[in-house]
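Inspection log for the structure reproduced underneath, given as structure tokens.
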Amino acid sequence: MKLKDIKIGSRLWTAFGTLIVIMVAIFSLAFYTITTLSSNMHNIEVNRMPDLIDFSKMDCERMTIRSQTLEVFMYVNESNATQSDFANVLEKRNKSWKVVDKHWANILNRPRQSEKGRELIAQLKGEYDDWRTIYVDLDGLIKALSQTTDNEEKNQLMAKYDETYHRMVPISDKMGKTFVAALENNLSNTNDMIAKNEKQSVSARVVIIISMLTALLFTIIVSLLITNSITKPLAKGVQFAESLSNGDLTVELDVNQKDEIGVLAYSLKEMTNKLKEVIENIISGADNIADASMQMSATSQQMSQGASEQASSTEEVSSSMEEMTSNILQNADNALQTEKISTVALDGVNKVGKASEQSLTSIKEIAQKITIINDIAFQTNILALNAAVEAARAGEQGKGFAVVAAEVRKLAERSKIAADEIGILSKTSVDVTEGAGKLMTDLAPEIQKTAKLVQEIAAASQEQNNGAEQINSAIQQLNSVTQQNAASAEELASSSEELAGQAEQLKEIVSFFKTGNVSQSGKTDKKSYHHAAIQTKTASAQKAKSQMNQGSPKGARLNMFHETESDNRFEKI
Numbered sequence: 002m003k004l005k006d007i008k009i010g011s012r013l014w015t016a017f018g019t020l021i022v023i024m025v026a027i028f029s030l031a032f033y034t035i036t037t038l039s040s041n042m043h044n045i046e047v048n049r050m051p052d053l054i055d056f057s058k059m060d061c062e063r064m065t066i067r068s069q070t071l072e073v074f075m076y077v078n079e080s081n082a083t084q085s086d087f088a089n090v091l092e093k094r095n096k097s098w099k100v101v102d103k104h105w106a107n108i109l110n111r112p113r114q115s116e117k118g119r120e121l122i123a124q125l126k127g128e129y130d131d132w133r134t135i136y137v138d139l140d141g142l143i144k145a146l147s148q149t150t151d152n153e154e155k156n157q158l159m160a161k162y163d164e165t166y167h168r169m170v171p172i173s174d175k176m177g178k179t180f181v182a183a184l185e186n187n188l189s190n191t192n193d194m195i196a197k198n199e200k201q202s203v204s205a206r207v208v209i210i211i212s213m214l215t216a217l218l219f220t221i222i223v224s225l226l227i228t229n230s231i232t233k234p235l236a237k238g239v240q241f242a243e244s245l246s247n248g249d250l251t252v253e254l255d256v257n258q259k260d261e262i263g264v265l266a267y268s269l270k271e272m273t274n275k276l277k278e279v280i281e282n283i284i285s286g287a288d289n290i291a292d293a294s295m296q297m298s299a300t301s302q303q304m305s306q307g308a309s310e311q312a313s314s315t316e317e318v319s320s321s322m323e324e325m326t327s328n329i330l331q332n333a334d335n336a337l338q339t340e341k342i343s344t345v346a347l348d349g350v351n352k353v354g355k356a357s358e359q360s361l362t363s364i365k366e367i368a369q370k371i372t373i374i375n376d377i378a379f380q381t382n383i384l385a386l387n388a389a390v391e392a393a394r395a396g397e398q399g400k401g402f403a404v405v406a407a408e409v410r411k412l413a414e415r416s417k418i419a420a421d422e423i424g425i426l427s428k429t430s431v432d433v434t435e436g437a438g439k440l441m442t443d444l445a446p447e448i449q450k451t452a453k454l455v456q457e458i459a460a461a462s463q464e465q466n467n468g469a470e471q472i473n474s475a476i477q478q479l480n481s482v483t484q485q486n487a488a489s490a491e492e493l494a495s496s497s498e499e500l501a502g503q504a505e506q507l508k509e510i511v512s513f514f515k516t517g518n519v520s521q522s523g524k525t526d527k528k529s530y531h532h533a534a535i536q537t538k539t540a541s542a543q544k545a546k547s548q549m550n551q552g553s554p555k556g557a558r559l560n561m562f563h564e565t566e567s568d569n570r571f572e573k574i
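Here my numbering is used: the first residue of the sequence shown is 2, the next is one more, and so on.
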């Protein structure tokens, strides 16, 4: 596994852990060395040096006691020696024995650390016992000399003292040699221990220095490796972040490792890819919004123009409906006059015939007008359907318009029904009037029946008048709705242009980011296409308006079956 694939925490823990182990090893070695040196020095201080002192003091006291022993011979040879001189020797001897006992006790109580030391102490103990035993005899003789005044007894005691002294000398010398051997052994052990301490101290210093240098070298190498494994990818990450801050989303982050920095780099790359995708979608969406807003603006302008033209046509239809209503009322009056004439005098048959012809002409005109009304109702129904579709497209703002469109549609259906009924009645009236005209001169008795038929015609004319008034009211409502549609279309066109401007502004803002995949080509063609579409639709609307404005001197001539591009589009929807 490569170093860059190891987690940063694991790397640091491993490095610091290894360094801690090395430092603990160095500390343990130093502590062990110091402890060993301290223990050896304590051993020298507590055991070796006091042992040397005790051996030296005891050997000195041995020689002091021997000198005291020889001092007795000096007093014996002097003529003026007294008993007190022997007593003084004995007193000094007792003091020396106290010193000997003290140092001997120290020697015996002190532990021996070598086999040779234990052997020398065992040998010295036997020699010491022999030495003390013979000195008991010597001390007894000195005590006896201090108590006697008889020269003969004194000579006997001195002879015995001399004999005992000569037995003591080899014992004392032997013990002295053992003391020297013990001193030399102790001194040798002490020197060995000091030399060992010195050697161990030097070795420890060398090992500690080498360990410290190794730890230092390890720390430097590991620090460089870990630092490079962290700082290099971080530097790449900083450079990557600076490029992102400048809006460059095409930059690549070349960090291939599995540690925390690698995970962070992968997350940054994924974030950049997502951001690039979002920016591209925003740019594409802004283009689509701009295009759609342009289309909607063109359509809204066309709707506004069409609504204005429709309002003008509706006013013309309303004028025609008023004229038709006047004609219907006139027909009713003529029917009443015909009834009076037919009931007043038979000689008015000719006049009635003429009136019948006039009535026939009027009824035919009514039939034609009724056909127009029927066509108006059909076109009104289509317009109501188209208005409902546009209201559905408008969404929440078109709900009120949808209700009005539904009412207009109902009125159109009712107008159609009334127009059909009036058409049937008109056709019947035509047939009756034609028959009456033919039979008027020959069928005078049928005049009464004709008067009755005229009454029916008058009633039908009244119904036609009522239907025409309803149609006129519906047309007025349709005119109001059409004007509202025109205003709404203008507002929609304004909103579309504003939306297009905001889309362009959004594109300018997003253009700060460089994705490398956004293409700006084709926008001029799209704008030209939409401009051409607007011109084509406007020309079609103007052509329809010119066709609808062609009429007769008596009133508006409506071409309700003319199909514009908008009508075709509404029917396809």
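C-beta: ideal position from N, C-alpha, C; glycine also.
Supposed contact pair Ala487 and Thr381 - C-beta distance, whole angstroms, cut 8 Å: At roughly 17 Å, the Cβ-Cβ gap does not stay under 8 Å, so Thr381 and Ala487 are not in contact.
Cβ contact (3+ pairs, closer than 8 Å) linking the segment 236–255 and the segment 270–288: The answer is yes - the segment 270–288 touches the segment 236–255, with three or more Cβ pairs under 8 Å.
Chain C contact for Ile377 (CB, 8 Å cutoff): Any reference to chain C falls outside this structure, which holds one protein chain only.
Per-residue DSSP class, three states only, for Lys515: Looking at Lys515 - three-state DSSP - the assignment turns out to be strand.
Residue range of the alpha helix (DSSP H) that includes Glu408: Here the alpha helix (DSSP H) through Glu408 covers 400–440.
Ser319 versus Ala490: straight-line alpha-carbon distance, rounded: Roughly 24 Å separates the two Cα atoms.
Nearest residue (CA-CA) to Ile35, options Val203, Leu479, Gln338, Ser212: The residue with the shortest Cα to Cα distance from Ile35 is Val203.
Neighbourhood of Leu30 by C-beta distance below 8 Å, restricted to the same chain and skipping five residues each side: For Leu30, where only same-chain residues beyond five positions count, the Cβ hits under 8 Å are Ala205, Val208, Ile209, Ser212.
Every unbroken beta strand (DSSP E) within the segment 265–330, with a cutoff of 3 residues, ordered by chain: Counting only runs of 3 or more, we get nothing.
Within 8 Å, strictly: CB atoms of Lys117 and Asn186: The Cβ-Cβ distance between Lys117 and Asn186 falls below 8 Å.
Extent of the continuous alpha helix (DSSP H) run through Gly177: Note, Gly177: alpha helix (DSSP H), 152–246.
Cα-Cα separation between Leu235 and Leu265, rounded to whole angstroms: When rounded, the distance between both Cα atoms is 10 Å.
Best match in Met194, Ala299, Ile373, Tyr129 for proximity to Ser173 [C-alpha to C-alpha]: Ranking the options by Cα distance to Ser173, first place goes to Tyr129.
Whole-angstrom distance between Ile458 and Gly468, CA atom to CA atom: So the alpha carbons of these two residues sit roughly 15 Å apart.
Local conformation of Ala249 per DSSP, three classes: As written in the sequence, residue 249 is Asp, which differs from the Ala given in the question. In the structure shown, Asp249 sits in a strand (DSSP, three-state: E or B).
The alpha helix (DSSP H) enclosing Leu121, as first and last residue numbers: Annotation: the continuous alpha helix (DSSP H) that includes Leu121 extends over 116–148.
As assigned by DSSP and simplified to three states, the class of Pro112: DSSP, reduced to helix, strand and coil, places Pro112 outside both helices and strands of the structure shown, so it counts as coil.
Separation of Ser294 from Ser321, as counted between CA atoms: If you draw a straight line from the Cα of Ser321 to the Cα of Ser294, it comes to about 40 Å.
Exposed unless 16 or more other CB atoms sit within 10 angstroms - verdict on Asp151: When all chains shown are included, Asp151 counts as exposed.
Stretch pair the segment 289–306 + the segment 499–514: three plus CB contacts closer than 8 Å: These segments touch.
Distance, Asp102 Cα to Glu199 Cα: Glu199 and Asp102 have their C-alpha atoms some 36 Å from each other.
As assigned by DSSP and simplified to three states, the class of Thr65: It is helical.
contact_flag[the segment 369–388, the segment 421–439] where n(CB pairs < 8 Å) is 3 or more: Enough Cβ pairs lie closer than 8 Å, so yes.
Three-state secondary structure (DSSP) of Leu254: DSSP, reduced to helix, strand and coil, places Leu254 outside both helices and strands of the structure shown, so it counts as coil.
Rounded C-alpha distance that separates Ala533 from Gly401: Reliability of the predicted coordinates at Ala533 is poor, the pLDDT of 45 falling under 50, and the value obtained from them is presented with this limitation in mind. In this structure, the straight-line span from the alpha carbon of Ala533 to that of Gly401 is close to 33 Å.
CB contact flag (Phe87, Ser147, <8 Å): Yes, Cβ-Cβ distance for Phe87 and Ser147 is below 8 Å.
Leu361 versus Asn473 - alpha carbon distance: So the two alpha carbons sit approximately 25 Å from each other.
Distance, Asp131 Cα to Thr179 Cα: Looking at the backbone, the Cα of Thr179 and that of Asp131 are separated by about 13 Å.
Cα-Cα separation, Met194 to Ser40: When rounded, the distance between both Cα atoms is 10 Å.
For Ile9, three-class secondary structure by DSSP: Under the three-state reduction of DSSP output, Ile9 falls in the helix class.
Contact check, Leu71 vs Leu184, beta carbons under 8 Å: Going by beta carbons, Leu71 and Leu184 fall outside the 8 Å limit.
Backbone secondary structure at Asp602 - three-state DSSP: This structure does not reach residue 602, given that the chain is present from 2 up to 574, and the question cannot be answered.
Pair within 8 Å by beta-carbon distance, Ile231 and Ile9: Yes; because the gap between Cβ atoms is below 8 Å, this pair is in contact.
For Gly399, the nearest candidate out of Glu492, Glu509, Ile418, Leu217 (CA to CA): When only C-alpha atoms are compared, the closest one is Glu492.
Cβ distance (whole Å) where Phe379 is taken to contact Lys417 below 8 Å: Contact flag correct, Cβ pair sits at about 7 Å.
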